[in-house]
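Each remark here refers to the structure printed beneath this line.
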Amino acid sequence: MATTYRTCPRTGLQFDLDADKLMRWNAVAGVLWLLVGGITALLVILTRWPAIKLLPADQFYLILTAHGIDMLILWIIFFEMAVLYFASSTLLRCRIATPWLGWVQFWLMVVGGIMTNVAIFQGGSSVMFTSYVPMQAAPHFYLGIILFAVGALIGCGVFFGTLVVAKREKTYTGSLPLVTFGAMTAAIIAVFTIASGAAILIPTFLWSMGWIKEIDAQLYRMVWWALGHSSQQINVAAHVSIWYLIAAVAFGAKPLSEKVSRFAFLLYILFLQLASAHHLLSDPGMSAEWKVLNTSYFMYFAVLASMIHGFTVPGAVEAAQRKKGYTNGLFEWLRKAPWGNPVFSGMFISLVGFGFLGGISGVVLGTEQINMLMHNTFYVPGHFHTTVVVGTTLAFMSITYLLVPALFRREMMFPKLCQIQPYLYGISMSVLGLVMMGAGTLGVSRRHWDMAFSGAPFQYEWPGAAYLMMGLTGVFGVIAVIGGGLWIFVVVWSLLFGKKLDGGATHDKPVPIPDQSAAASASHTGSEEEHTSVPGTVVLAITLLVCFVLYYFVNWKYLSEVWGLS
Amino acid sequence: MSAILPPSERLWWKTPISGQEWAWIGIAFVWAMVMFVMMVYWHINGKQNLSNEVYKTTTEMFQAKTDAFVKENTIRTEDSLANPDLKMPVVKPNDKGEAFLLGRLWSWYPILELEAGKTYKIHLSSVDYNHGFSLQPTNINIQVIPGYEHVVKMTPTKAGTYAIVCNEYCGIGHHTMLGRIYVK
Numbered sequence: 001m002a003t004t005y006r007t008c009p010r011t012g013l014q015f016d017l018d019a020d021k022l023m024r025w026n027a028v029a030g031v032l033w034l035l036v037g038g039i040t041a042l043l044v045i046l047t048r049w050p051a052i053k054l055l056p057a058d059q060f061y062l063i064l065t066a067h068g069i070d071m072l073i074l075w076i077i078f079f080e081m082a083v084l085y086f087a088s089s090t091l092l093r094c095r096i097a098t099p100w101l102g103w104v105q106f107w108l109m110v111v112g113g114i115m116t117n118v119a120i121f122q123g124g125s126s127v128m129f130t131s132y133v134p135m136q137a138a139p140h141f142y143l144g145i146i147l148f149a150v151g152a153l154i155g156c157g158v159f160f161g162t163l164v165v166a167k168r169e170k171t172y173t174g175s176l177p178l179v180t181f182g183a184m185t186a187a188i189i190a191v192f193t194i195a196s197g198a199a200i201l202i203p204t205f206l207w208s209m210g211w212i213k214e215i216d217a218q219l220y221r222m223v224w225w226a227l228g229h230s231s232q233q234i235n236v237a238a239h240v241s242i243w244y245l246i247a248a249v250a251f252g253a254k255p256l257s258e259k260v261s262r263f264a265f266l267l268y269i270l271f272l273q274l275a276s277a278h279h280l281l282s283d284p285g286m287s288a289e290w291k292v293l294n295t296s297y298f299m300y301f302a303v304l305a306s307m308i309h310g311f312t313v314p315g316a317v318e319a320a321q322r323k324k325g326y327t328n329g330l331f332e333w334l335r336k337a338p339w340g341n342p343v344f345s346g347m348f349i350s351l352v353g354f355g356f357l358g359g360i361s362g363v364v365l366g367t368e369q370i371n372m373l374m375h376n377t378f379y380v381p382g383h384f385h386t387t388v389v390v391g392t393t394l395a396f397m398s399i400t401y402l403l404v405p406a407l408f409r410r411e412m413m414f415p416k417l418c419q420i421q422p423y424l425y426g427i428s429m430s431v432l433g434l435v436m437m438g439a440g441t442l443g444v445s446r447r448h449w450d451m452a453f454s455g456a457p458f459q460y461e462w463p464g465a466a467y468l469m470m471g472l473t474g475v476f477g478v479i480a481v482i483g484g485g486l487w488i489f490v491v492v493w494s495l496l497f498g499k500k501l502d503g504g505a506t507h508d509k510p511v512p513i514p515d516q517s518a519a520a521s522a523s524h525t526g527s528e529e530e531h532t533s534v535p536g537t538v539v540l541a542i543t544l545l546v547c548f549v550l551y552y553f554v555n556w557k558y559l560s561e562v563w564g565l566s
Numbered sequence: 567m568s569a570i571l572p573p574s575e576r577l578w579w580k581t582p583i584s585g586q587e588w589a590w591i592g593i594a595f596v597w598a599m600v601m602f603v604m605m606v607y608w609h610i611n612g613k614q615n616l617s618n619e620v621y622k623t624t625t626e627m628f629q630a631k632t633d634a635f636v637k638e639n640t641i642r643t644e645d646s647l648a649n650p651d652l653k654m655p656v657v658k659p660n661d662k663g664e665a666f667l668l669g670r671l672w673s674w675y676p677i678l679e680l681e682a683g684k685t686y687k688i689h690l691s692s693v694d695y696n697h698g699f700s701l702q703p704t705n706i707n708i709q710v711i712p713g714y715e716h717v718v719k720m721t722p723t724k725a726g727t728y729a730i731v732c733n734e735y736c737g738i739g740h741h742t743m744l745g746r747i748y749v750k
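These protein sequences, in sequence, are chains A and B.
The first sequence: position 168 = 168 (this note's numbering), numbered continuously.
The second sequence: position 117 = 683 (this note's numbering), numbered continuously.
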């Protein structure tokens, strides 16, 4: 095979030049969509801020549709394609399988993404991310998403192909590294997700063309959420893999137990996609038994998996730090962590925010009866901004501080701005999530242009606290947009004007992994050989559990006070 | 690697799991089971459970049923703030305690008048898009889907004037879709 590899002199990572180019193009496309998503975010926030109310209703719903599609699908999945190629080709030190198919993936996703955005900005497709039938968008709205999904499916195929090539050409020995294993679970969930997406979006496309007469509204919701929620599980598997990757690269950390961490990833495959049912807990079409079964078994085993990762990721960091001699007290390992390194600080804020805010709110929201307190309220976007944004997006941002020098061969510019960016973005986005949940708890609706109900036949006045929460949503939303914009700025500026770095020697054969390098830590398989006690992590985990239990029962108390329902 | 040293990598699936990890897995598992039991417990002893009584219907059929219900049980009419010519019927549930509530672009129809402490069977459906029944300020949220007639038993607890906010996006007039329930 005529393939060229280069070895990054700083990290020891080895890049197949075909994969290298694919990763760069996918990552850049992702960042550009994040830019579009960020601009729409600002417009959404400034409209929902009651004191400003920037856009008229029609433009608001149009922009909100674009924000959902561009962030949740386009930004994240483009970046995930880069993550998949990295976890396979780079970590396994292997050539990428069928690079030309990788380009088919890229261009299909580009064409699909643009097509859907054209449909949205033409104005006839303000149907929101969920596009619930019988509300209808233009045919090219659905077609664009279908093309994009086919592209993503091909990307998963290239990833699996690369795993096969690596195994056959023996570029690694033993088992897949944990990070690659995690990425593989993400890709497997992606295949399921895209199949569900095809099952619902292809008929919906035909319906929008007039070739199918009717699609059942409840059935649509059920199948659509197997796409809509499962795609978030791809993100979870991907960002948890990145947490492990950063722990390995920044600390040389090994998992406490490979067995436990891999088992937790397997639980994601087995149970997460079925958790889409928790979007239907307040729907008429499913029985209570169905709802309880799906929340308890098929969601809680996935929750168990996340709780395991929430222990093992900081645990791995703690064990590595204690080995380096930071053994005083419960938390010296954490105090002496490299808080000035955005790769680490971003990852840790992502971990804590995802667990404490996104995780707890998600499980409470996903409890069969408690869901009636929050279904379709502003609580829901509050929840997923702490999972998808604080969790996934911030993890992706953190790894970029590593990838710009290693992959793009540019030095990061503005090191001070890089240092504060994860704090600015992570903390403001966490507070944003909290105040959104606060507004939702008071009943404020999501996807709603005017909380004053102008033009309605009656008046209803939300409590003053709800207006306060929405005002805070505006303030912290704007800060979060600035934090996200800062990341785009430093990354794009560094790519354009950063000091060019040496790409490293090129070879036409893979070279052995250099010891003591970031690459060796990330590609290594094996648990900690002797158990290091991780009391600090135990304290963190117990704190999480106490918050979880208290908040869970507070909501039951709240539920017991509403009208009787049976 | 020196031959006198043991291999640095043991097989990962043979490495034992530490006590702390086991303990956490155990705690997390028990907590998941507690959460499962809570949902079942609430079905037995809780007073807020979403009804399972649902019928397939059509938008025409549900519209006709609601019209008949309004015709027989209207007690007075009220003016709309938005449209002075519009007389909105205020309707009491029938003798069997049944009432119909229909969501459409962009109103909840009709206005219902209930009594605190009594239990009613409210038939909920939509005649066009998805809508969201969000009862405020008590804060109960139920999805309303065209083609499905959901019979929800409700027991108001306190007298007052309640708003039904639509909280499922249903187009440009979504924010004007505000309904009303009186509880005496």
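Just so you know, even glycine gets a beta-carbon here, dropped at the ideal spot from N, CA and C.
Starting from residue i, follow the alpha helix (DSSP H) in both directions and report where the run begins and ends.
i	result
I747/B	Segment 744–749 is the beta strand (DSSP E) holding I747/B; no alpha helix (DSSP H) there.
D18/A	17–48
S306/A	300–323
S261/A	258–267
R221/A	217–228
K662/B	Taken as a continuous stretch (DSSP letters only), K662/B belongs to no alpha helix (DSSP H), as it is neither H nor E.
Y188/A	As written in the sequence, residue 188/A is Ile, which differs from the Tyr given in the question. Run containing I188/A: 178–208, per the alpha helix (DSSP H) assignment.
T632/B	625–639
I360/A	360–365
Short check: CB of residue i to CB of residue j, under 8 Å?
i	j	result
M374/A	L365/A	yes
L280/A	M209/A	no
I488/A	L34/A	yes
T162/A	S241/A	no
L545/A	W597/B	yes
G483/A	Y425/A	yes
R410/A	L501/A	yes
P250/A	P338/A	The sequence given here has Ala at residue 250/A, not Pro. Yes; because the gap between Cβ atoms is below 8 Å, this pair is in contact.
G443/A	M720/B	no
R10/A	P405/A	yes
F311/A	E734/B	no
M128/A	T40/A	no
G30/A	M71/A	no
Bridge partners for residue i per DSSP, in chain order?
i	result
V620/B	H716/B
M437/A	Bridge partners of M437/A: none, in fact.
D645/B	K653/B
W449/A	In the DSSP output, where bridge partners are listed per residue, W449/A has none listed.
Y552/A	Beta-bridge pairing links Y552/A to no other residue.
N733/B	According to DSSP, which records beta bridges pairwise, N733/B is partnered with nothing at all.
S692/B	G669/B
R410/A	K500/A
Out of the options, point me to the one whose CA is closest to residue i's CA.
i	options	result
L288/A	L266/A, E368/A, M451/A, K557/A	The question names Leu, but residue 288/A in the sequence shown is Ala. Nearest option by C-alpha distance: E368/A.
Y423/A	G353/A, I542/A, A138/A	G353/A
L330/A	L304/A, V549/A, G536/A, S89/A	G536/A
L219/A	K613/B, P712/B, M605/B	P712/B
R670/B	T643/B, R642/B, M605/B, S691/B	S691/B
V44/A	G474/A, T116/A, Y552/A	G474/A
D645/B	P457/A, F344/A, S398/A, H239/A	P457/A
V317/A	V389/A, A253/A, W493/A, M451/A	A253/A
Q709/B	M412/A, E461/A, G285/A, T327/A	G285/A
Would you give the residue range spanned by the beta strand (DSSP E) that residue i belongs to?
i	result
L701/B	697–702
M171/A	Met is not the amino acid found at residue 171/A; the sequence shown has Thr there. Careful: T171/A lies outside any beta strand (DSSP E) and carries neither H nor E.
R6/A	5–7
Q516/A	Element bounds for Q516/A: n/a, residue is neither H nor E.
In or out: residue i buried (at least 16 other Cβ within 10 Å) or exposed?
i	result
S560/A	exposed
W578/B	buried
V554/A	exposed
L245/A	buried
T7/A	buried
T506/A	exposed
P650/B	exposed
R746/B	buried
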